[in-house]
Amino acid sequence: MKPWLFTVHGTGQPDPLGSGLPADTARAVLDLYQWQPIGNYPATAFPMWPSILQGVAELIAQINGKAGKFALAGYSQGAVVVGQVLKHHIMDPKGSLHHRLGDLTKVVFWGNPMRQPGIQAFDEWIHPIAPPDTGGILEDRLEGLDTAPFQVRDYAHEQDMYASCPFDDMGEDERAIAKIIMWNNVLGGSDSILAQIFELVQRPIPETIAMFKAIVDAGGFFTSTAHGYNIGPAIDFLRS
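Here is the structure:
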């Protein structure tokens, strides 16, 4: 029996069968996989966290309902859905899907806000690969992928602020902005809005410079193609 391929679209793409990186990739490997796109998930831009939780619940339900080997693929917000299920439900020994860890063969991410530092793949397109000393923009990032029993390709561009966030003052400000977009734990954690205000009072000049850089970086991001990806290498990976 063919393995399953579960795909989760990014923000603003609620149609699980519509055009998008995960679905377009799946359509290119239908001779090798049974495809289950994740619906019942609004892919809402704001607030994003409730949308992600809906996607997580649906992905868990779909995996639970389908026996056998499987692969996962998610883009942007969909990468968070996949990442949450992978980290907290499959890889975690206490997770509800940990008994399926041995069935998971491959995982694909594009523009992953949960990217583990040091785990990055090149999509053979126009943008340089993310540096290994950066990570996803969320504080809750993936761990242990370098020793996982499945294969991973986490496609990340250097200019993609969601997937390539530095661990410096500017990165702290970007993660604080991400918390507002997610509307999850906005006031908590070391990179919360309150923490950044406190640091601004304590270190006004460097923190102001970092905040300005974060705003400029965000502005440039929304006018660039850095959050778009070439799916060719992912197709080759899933076919290999």
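Following numbering that gives the first Met the number 0, the numbering of the sequence shown begins with 0 at its first residue and continues without gaps.
Backbone N, C-alpha and C define an ideal beta-carbon position, used for all residues, glycine too.
Pull up the CB-CB distance for residue i and residue j, whole angstroms please, since I reckon it's below 8 Å.
i, j, result
"F5", "L58", "6 Å"
Please say whether residue j and residue i have beta carbons closer to each other than 8 Å?
i, j, result
"P13", "P41", "yes"
"Y228", "Y161", "no"
"L141", "G82", "yes"
"I128", "P112", "no"
"V7", "G54", "yes"
Measuring alpha carbon to alpha carbon, tell me which residue in the options is nearest residue i.
i, options, result
"R99", "A147, P131, F69", "F69"
"P15", "G38, R26, A27", "G38"
"H226", "Y74, G54, G134", "Y74"
"P36", "P49, G11, G77, A66", "G77"
"D102", "W3, V151, E123, L31", "W3"
"M169", "G17, D30, T133", "T133"
"L237", "V151, L137, Q119", "V151"
"F121", "D159, L137, Y32, A56", "D159"
"S239", "P130, L31, S50, Q61", "L31"
"A147", "E171, H126, I125, V106", "V106"
"T224", "P131, E171, W34, G110", "G110"
"H87", "A56, K65, T104", "A56"
Using the beta-carbon count (16 or more within 10 Å), is residue i buried or exposed?
i, result
"K93", "exposed"
"K178", "buried"
"A44", "exposed"
"D235", "exposed"
"H250", "This structure leaves residue 250 out entirely; the chain is present only between 0 and 239."
"A175", "buried"
"E123", "exposed"
"L96", "buried"
"L144", "buried"
"G19", "buried"
"I62", "buried"
"I125", "exposed"
"A233", "buried"
Return the CA-CA distance between residue i and residue j, expressed in angstroms with no decimal places.
i, j, result
"C164", "V80", "19 Å"
"A72", "R26", "12 Å"
"G9", "F108", "11 Å"
"L52", "M0", "30 Å"
"F166", "E173", "10 Å"
"T24", "P116", "25 Å"
"M90", "P46", "27 Å"
"L29", "D139", "32 Å"
"I204", "F149", "Here I204 scores only 38 on pLDDT, less than 50, and its place in the model should not be relied on; the value that follows carries that caveat. About 45 Å."
"S50", "G11", "11 Å"
"T104", "G64", "17 Å"
"P130", "R114", "12 Å"
"G17", "W34", "13 Å"
"A60", "W48", "18 Å"
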